[in-house]
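Participant: Can you keep this structure in mind? I'll have questions shortly.
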Amino acid sequence: MISITYSGKRQPSILIIYTGGTIGMYEDPESGALSNFDFAKLASYVPELYHLKFNISCYPFDPPIDSSDMLPRHWADIACIIQDNYESFDGFVVLHGTDTMAYTASALSFMLQGLGKPVVFTGSQLPIGTLRTDGKENLLTSLEIAAATDPDGRPTVPEVCVFFENQLLRGNRTTKISAEGFNAFRSFNYPLLGDAGIHLRFYREYIHHPSPGEKLRVQTDMDTHLAVLSIFPGIRREVVKAIFHIEGVRAVVLVTYGSGNAPQKQWLIEELEEARRRDIVVVNVTQCSQGTVEMGRYATGLQLLQAGVVNGYDSTVESAVTKLMYLLAQELNSDELRARLSESISGEATVTA
Ligand code: ASP
131 MISITYSGKR QPSILIIYTG GTIGMYEDPE SGALSNFDFA KLASYVPELY HLKFNISCYP
191 FDPPIDSSDM LPRHWADIAC IIQDNYESFD GFVVLHGTDT MAYTASALSF MLQGLGKPVV
251 FTGSQLPIGT LRTDGKENLL TSLEIAAATD PDGRPTVPEV CVFFENQLLR GNRTTKISAE
311 GFNAFRSFNY PLLGDAGIHL RFYREYIHHP SPGEKLRVQT DMDTHLAVLS IFPGIRREVV
371 KAIFHIEGVR AVVLVTYGSG NAPQKQWLIE ELEEARRRDI VVVNVTQCSQ GTVEMGRYAT
431 GLQLLQAGVV NGYDSTVESA VTKLMYLLAQ ELNSDELRAR LSESISGEAT VTA
């Protein structure tokens, strides 16, 4: 672990977990080639860190990985690093590639139950070592968020969240929406937790706090026996059938139209009913970025409800996938699994009656 420490009056202590991605890259000014920079020299790339006067330690993944290569075992590594260092730090900043950041942040929001300290994910679209980088601002403000406390001394944002281009979002509500712009993440179905302008503002009514006395509980097992099926006009029965018959598959995230609708085809209902008989759980989320699944609203959605499809409400695909992995790894029978899926476990869904 690499540290920048301050002596004297108690300063916030923050652990940076560097997993990889563009933010940790450096552009050789002469050749223009990108390479991972040495985190032992973090402060020489970002001398502004000294102005924060925080005790900062850094735990780099070795080797750093592009987030396209992230796996559930890497999520478990992040969860374990946080658990092992939980008492020694006031907050955590996870530097991560942007491509799958929404998946990792969603997964960690389930794996870290009873979380009482900030876990702030950030990254950048341009390497931290380039002139117009968004990485420095994202890193410095994430550190400030991880260290922020309320007047009673409690952490202001004890949640898994994503900070990107001035916006603080709940991690499991986040989706990457741009491969180009700095403003690359959105939370379409949940308000901002905060934003950074001249002042760092927090919207406390939307921030989750653990119950008094609640302790951190970490689950690192994730079961990946699931598939995602996005429907489209003209989808063929054999495609649906093949997905439900993948060996070992235990759950399917069905990505439907509008408020949770699918074509009114008898064969689709038969496939869903057969999947249910084989204890395969199907969760309905919408292809729309904004809004929620309401399966009773149209006949095209009601038929899914009647075939036993579970409502995923306004969950993102990222959070539906990782929530299923988290729940499938628990010893639940199919009724318990369906009941847990229908609840909001970590603020990932707006459950309506
Ligand atoms: N491919 C990179 C990654 O996700 C992109 C980035 O860091 O923004 O790791």
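Residue numbers (my numbering): 131 to 483. For glycine and all other residues, C-beta sits at the position ideal for the given N, C-alpha and C.
With distances taken from CA atoms, which of P190, T350, G259 and M231 is nearest L299?
Facilitator: Comparing Cα positions, the closest option is M231.
Participant: What's the C-alpha gap between T149 and H226?
Facilitator: Roughly 5 Å between the two C-alpha positions.
Participant: Please determine, among K171, A170, M155 and L172, the residue with the shortest C-alpha to C-alpha distance to L164.
Facilitator: Comparing Cα-Cα distances from L164 to each of K171, A170, M155 and L172, the minimum goes to M155.
Participant: Does the beta-carbon of D207, which I'm using as the reference point, lie nearer than 8 Å to any heavy atom of the ligand MN?
Facilitator: No copy of the ligand MN appears in this structure; the ligands present are the ligand ASP.
Participant: Helix, strand or coil for R284 per DSSP?
Facilitator: Correct three-state label for R284: coil.
Participant: Do you know whose CA, among G162, L462, L145 and W205, lies nearest Y189's CA?
Facilitator: Cα-wise, what sits closest to Y189 is L145.
Participant: By DSSP, does E157 sit in helix, in strand, or in coil?
Facilitator: Residue state, collapsed to three classes: strand.
Participant: Starting from A232 and walking both ways along the alpha helix (DSSP H), at which residues does that stretch end?
Facilitator: Unbroken alpha helix (DSSP H) run through A232: M231 to M241.
Participant: Report yes if the CB atom of T446 is closer than 9 Å to the CB atom of N313, and no otherwise.
Facilitator: No, these two residues do not count as a Cβ contact at 9 Å.
Participant: Rounded to whole angstroms, how far is the Cβ of Y233 from the Cβ of T416, which I believe are closer than 8 Å?
Facilitator: At roughly 18 Å, the Cβ-Cβ gap does not stay under 8 Å, so Y233 and T416 are not in contact.
Participant: Just list the beta strand (DSSP E) runs in the segment 185-237, keeping only unbroken ones of 3 residues or longer that don't cross its boundaries, in chain order.
Facilitator: Entirely contained in the segment 185-237, the beta strand (DSSP E) runs reaching 3 residues are, in chain order, 185-190 and 221-225.
Participant: I need the straight-line Cα distance from V358 to Y333, nearest angstrom please.
Facilitator: So the two alpha carbons sit approximately 34 Å from each other.
Participant: Which residue wins for smallest C-alpha separation from S236, given the options T482, S474 and V481?
Facilitator: Per the Cα distances, S474.
Participant: Rounded to a whole number of angstroms, what is the C-alpha to C-alpha distance between E157 and Y175?
Facilitator: Distance between the alpha carbons of E157 and Y175: 11 Å.
Participant: When you compare only the Cα positions, how much space is there between L458 and S161?
Facilitator: Between L458 and S161, the C-alpha separation is close to 48 Å.
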